[in-house]
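A.B. asks:
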C-alpha cells in the first residue's frame with residue numbers, strides 16, 4: 165500500500181523546470197532511493213515533499229490526503245521528517261538537546277504552562293528527555309550526549325541528524341545523502357542502521373544518495389531522475405542495466421543542487 169504518492173509533480177523556477185511531471189510512490193516499509201546526476205532535481209523533490217517549495221503543478225498525497233500548500237512544520241506533524249545534504253544541527257547544543265528539539269512537534273503544553281512551569285509541562289519535559297536519551301542509546305552515541313554537537317566526529321553528526329528526525333516520530337524518513345563524507349566502514353554501519361530503523365521504528369524511507377554501492381545494497385526500489393524527469397524506476401538490478409540510466413551517468417551532469 166502506497167503511503168506517499170506524487171502525481172504529475174512539476175516545479176518551475178521562472179523559465180527553468182527543476183522537476184517535470186514526476187510520478188512517484190513509496191510503499192509502507194519500503195526503502196526507495198532517488199538517484200541521478202548532479203542537478204537532476206533530487207533535493208528539489210525533497211523540498212517539495214516537505215513544503216519548503218510549493219509545486220507548480222501536480223499533487224502530493226500522504227495516506228491518501230493531499231499535503232499541498234501545507235507549511236513544513238505541519239508536514240512534520242503529519243509524519244514526514246528529513247535530514248539535509250549539508251548537516252544542520254544546532255552546533256553549540258548538546259546531542260541530547262538536538263534530539264529533544266525533534267520532539268517539540270509532539271508536545272502539547274501551551275505557553276502559560278511553560279511560563280508558570282506547571283506540572284504538566286514538567287512531566288512533558290521529563291518524558292521528552294527520557295525518550296531523547298533512548299534514541300541516543302539506540303544510535304550508540306549516548307556516551308557523547310553532553311558534548312557540543314559541533315565537537316562530534318563527522319560520522320556521528322550525520323547519525324545525530326537522523327536521530328533528531330526520528331524524534332519527530334515520523335511515518336516517512338527522507339534522508340538526503342546521509343553517506344556523504346563517510347568512509348567505507350561508516351557506510352556499512354549506515355546501511356545496517358537504516359534497515360534497522362525501518363524495521364524497529366516502522367518507518368518508510370526515501371533516500372537520495374550518490375554512492376551507488378550503498379544504493380544497490382539498501383534499496384527495495386530505485387527511481388532515476390535526469391534533468392528533472394524520471395527516466396527509470398524499478399528493482400535496483402533492473403535500473404542498473406537500463407540504457408538511459410547508463411547514458412545519464414556516463415557523462416552529462418550539471419552542477420549539484
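In the numbering used here, the protein residues as written are 165 to 421.
The beta-carbon is built from N, C-alpha and C at its ideal position, and this holds for glycine as well.
If you draw a straight line from the alpha carbon of residue 378 to that of residue 351, how long is it in whole angstroms?
C.D. replies: Taking the straight line from one Cα to the other gives about 7 Å.
A.B. asks: By the three-class DSSP mapping on this structure, what secondary structure does residue 292 have?
C.D. replies: Here residue 292 sits in helix by DSSP.
A.B. asks: Looking at the structure shown, is residue 220 part of a helix, part of a strand, or coil, going by DSSP?
C.D. replies: Three-state DSSP puts residue 220 in coil, outside helix and strand.
A.B. asks: Do residue 300 and residue 263 come within 8 Å of each other at the CB atom, strictly closer than that value?
C.D. replies: In this structure, residue 300 lies closer than 8 Å to residue 263 by Cβ.
A.B. asks: What residues match up with residue 390 in a beta bridge as DSSP calls it?
C.D. replies: Looking at the DSSP assignment, residue 390 forms a beta bridge with 393.
A.B. asks: Using C-beta distances below 6 Å, list every residue in its chain close to residue 140, excluding the 5 sequence neighbours before and after it, in chain order.
C.D. replies: Here the chain comprises residues numbered 165 to 421, so residue 140 is not present and cannot be evaluated.
A.B. asks: Assuming residue 244 and residue 336 form a contact by the criterion Cβ under 8 Å, report the distance between their Cβ atoms to the nearest whole angstrom.
C.D. replies: Right, their Cβ atoms sit about 5 Å apart.
A.B. asks: Would you call residue 390 buried or exposed, if buried means 16 or more other Cβ atoms sit within 10 Å of its Cβ?
C.D. replies: The residue is buried, with at least 16 neighbouring Cβ atoms inside 10 Å.
A.B. asks: Alpha helix (DSSP H) containing residue 210: first to last residue?
C.D. replies: Unbroken alpha helix (DSSP H) run through residue 210: 206–213.
A.B. asks: What would DSSP say about residue 246, mapped onto helix, strand or coil?
C.D. replies: Residue 246 falls in the strand class under three-state DSSP.
A.B. asks: Going by DSSP, name the residue or residues bridged to residue 191.
C.D. replies: Answer is 166.
A.B. asks: If we cut at 8 Å on Cβ distances, does residue 245 have a partner in chain C?
C.D. replies: Among the chains of the structure shown, chain C does not appear; only one protein chain is present.
A.B. asks: Using the three-state DSSP reduction, which class does residue 319 fall into: helix, strand or coil?
C.D. replies: Three-state result, residue 319: helix.
A.B. asks: Once DSSP output is grouped into helix, strand and coil, what is the label at residue 255?
C.D. replies: If DSSP states are grouped into helix, strand and coil, residue 255 belongs with coil.
A.B. asks: Assuming contact is defined by CB atoms lying nearer than 8 Å, are residue 192 and residue 165 in contact in what I supplied?
C.D. replies: For residue 192 and residue 165, yes; Cβs fall inside 8 Å.
A.B. asks: Could you pull the start and end residues of the alpha helix (DSSP H) that residue 363 belongs to?
C.D. replies: 348–364 is the span of the alpha helix (DSSP H), which, as asked, contains residue 363.
A.B. asks: Buried or exposed for residue 294, please, with buried defined as at least 16 other CB atoms from any protein chain shown within 10 angstroms of its CB.
C.D. replies: The residue in question, residue 294, is exposed, as its Cβ has fewer than 16 Cβ neighbours within 10 Å.
A.B. asks: Does the Cβ-Cβ distance between residue 222 and residue 172 come in under 8 Å?
C.D. replies: Yes, the pair counts as a contact, with Cβ atoms nearer than the cut-off.
A.B. asks: Note down, in chain order, each residue of its chain lying with its Cβ closer than 7 Å to the Cβ of residue 220, except the 5 sequence neighbours on either side.
C.D. replies: Closer than 7 Å at the Cβ level, and outside the excluded window around residue 220, lie 174, 175, 176.
A.B. asks: Who does residue 181 pair with in a DSSP beta bridge?
C.D. replies: According to DSSP, which records beta bridges pairwise, residue 181 is partnered with 176.
A.B. asks: How far does the alpha helix (DSSP H) with residue 401 in it extend, from its first residue to its last?
C.D. replies: Note, residue 401: alpha helix (DSSP H), 400–404.
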